[in-house]
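**Q**
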């Protein structure tokens with residue numbers, strides 16, 4: 003079983019001596035974190051200022067007639083439409099359907115990507131055999147699959163879930179595959195010297211080391227899961243935010259189109275914040291290792 007001894011062994015290359023360690027004054031771990039923390043309020047302030055400038059300029063130009071409100075409705079009108087949809091409950095059922103489709107696509111696609119990525123990273127022969135096929139399927143435009151999924155699974159949620167899975171899977175798969183292959187060989191060899199089994203190696207060495215790659219893919223996959231659900235709804239559905247956007251577009255209601263788009267952007271932002279929280283909690287050990 004891999005113990006703390008494996009971690010201490012992995013932290014220093016084989017054959018290294020104590021005299022080769024870096025002096026303490028050359029690795030100021032603490033101060034940079036304080037500087038980043040001190041800059042966070044400034045960054046948030048600049049983000050708010052940028053949003054206010056863009057929205058204020060948009061509102062001003064449409065009010066002065068410099069921008070046609072038919073193509074770019076006023077931000078105040080969009081906000082009023084969003085509030086109307088939420089307060090009356092008009093959008094809530096559709097939003098629930100879209101989130102359900104996106105969540106299922108995200109979970110299924112991420113799980114498949116993690117499993118296949120780990121398996122192929124540990125089985126080089128199988129990876130070599132499947133490599134051209136995976137590249138061909140990844141190069142296939144996903145939009146052409148949406149009508150096929152509609153024929154196979156109907157207008158229900160599963161056609162959208164299947165479409166979203168094809169978007170999420172390859173992102174998570176390639177990042178997991180690369181992350182596992184890039185694990186320090188010294189760390190793997192030390193774990194094997196201590197008698198680690200394949201399961202213990204995955205749990206204590208490969209998975210923690212590849213978490214940075216995996217979370218990088220999850221940030222992107224969250225948005226692609228929403229995209230898959232909305233595109234599927236846009237092509238054929240009876241419920242969902244994509245369906246609402248398509249209906250608004252059909253009657254040239256640009257305010258409704260923008261309102262649906264902004265609701266989706268806010269949902270993706272909230273999901274990304276949740277993934278950030280999870281990432282910070284699971285990767286705390288990396289900061290502790292750097293500090294040590």
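Residue numbers (our numbering): 3 to 294.
Cβ atoms here follow ideal geometry from the backbone N, Cα and C, with glycine treated the same way.
#1: Assuming residue 111 and residue 223 make a contact with CB atoms under 8 Å, what is their CB distance in whole Å?
#2: Just checking my contact of residue 243 with residue 264 at CB under 8 Å: how many whole Å lie between their CB atoms?
#3: Please classify residue 108 as buried or exposed, where buried requires at least 16 neighbouring CB atoms within 10 angstroms.
#4: Within 10 Å of its beta-carbon, does residue 75 have 16 or more other beta-carbons around it, so buried, or fewer, so exposed?
#5: Assign residue 103 to one of two classes, buried (16 or more other C-beta atoms within 10 Å of its C-beta) or exposed (fewer than that).
#6: Rounded to whole angstroms, how far is the Cβ of residue 79 from the Cβ of residue 257, which I believe are closer than 8 Å?
#7: With 16 as the cutoff for other CB atoms within 10 Å, does residue 48 come out buried or exposed?
#8: Note down the Cα distance separating residue 173 from residue 67, rounded to an integer number of angstroms.
#9: Am I right that residue 213 and residue 185 are in contact with their C-beta atoms under 8 Å? What's the rounded C-beta distance?
#10: I'd like the list of long-range same chain contacts for residue 215, defined as Cβ closer than 7 Å, with 5 residues on each side in sequence excluded.
#11: Report yes if the C-beta distance between residue 297 and residue 157 is below 9 Å; otherwise report no.
#12: Compare the beta carbon distance of residue 234 and residue 165 with 9 Å and say whether it is the shorter of the two.
#13: Can you check whether the CB of residue 187 is closer than 9 Å to the CB of residue 123?
#14: Measure the alpha-carbon distance for residue 168 versus residue 58 and round it to whole angstroms.
#15: Would you say residue 277 and residue 100 are within 9 Å of each other, going by their C-beta atoms?
#16: Given a threshold of 16 other Cβ atoms within 10 Å of its Cβ, counted over all protein chains shown, does residue 64 qualify as buried or as exposed?
#17: Leaving out five residues before and five after residue 221 in sequence, what residues of the same chain have Cβ atoms less than 7 Å from its Cβ?
#18: Identify which residue in 217, 271, 237 has its Cα closest to the Cα of residue 283.
#19: Apart from the five residues on each side of it in sequence, which residues of its chain come closer than 6 Å, Cβ to Cβ, to residue 175?
#20: Nearest by alpha-carbon distance to residue 83: which of 136, 51, 98, 246 is it?
#21: Rounded to whole angstroms, what's the CA-CA distance from residue 202 to residue 211? Just pull it up for me.
#22: Work out the CA separation of residue 127 and residue 171 for me, nearest whole Å.
**A** Taking the geometry as given:
#1: 7 Å
#2: That pair is no contact at about 11 Å.
#3: buried
#4: buried
#5: buried
#6: Contact holds; Cβ gap of about 5 Å.
#7: exposed
#8: Approximately 43 Å, taken between the alpha carbons.
#9: Contact check for residue 213 and residue 185: beta-carbon distance about 11 Å, past the 8 Å limit, so the pair fails to qualify.
#10: 177, 178, 180, 181
#11: As displayed, the chain neither begins before 3 nor continues past 294, which places residue 297 out of reach and without an answer.
#12: Between residue 234 and residue 165, the gap from beta carbon to beta carbon is short of 9 Å.
#13: no
#14: 39 Å
#15: no
#16: Buried.
#17: 274, 277
#18: 217
#19: 115, 118, 119
#20: 246
#21: 13 Å
#22: Inter-residue distance for residue 171 and residue 127 is about 21 Å (C-alpha atoms, whole angstroms).
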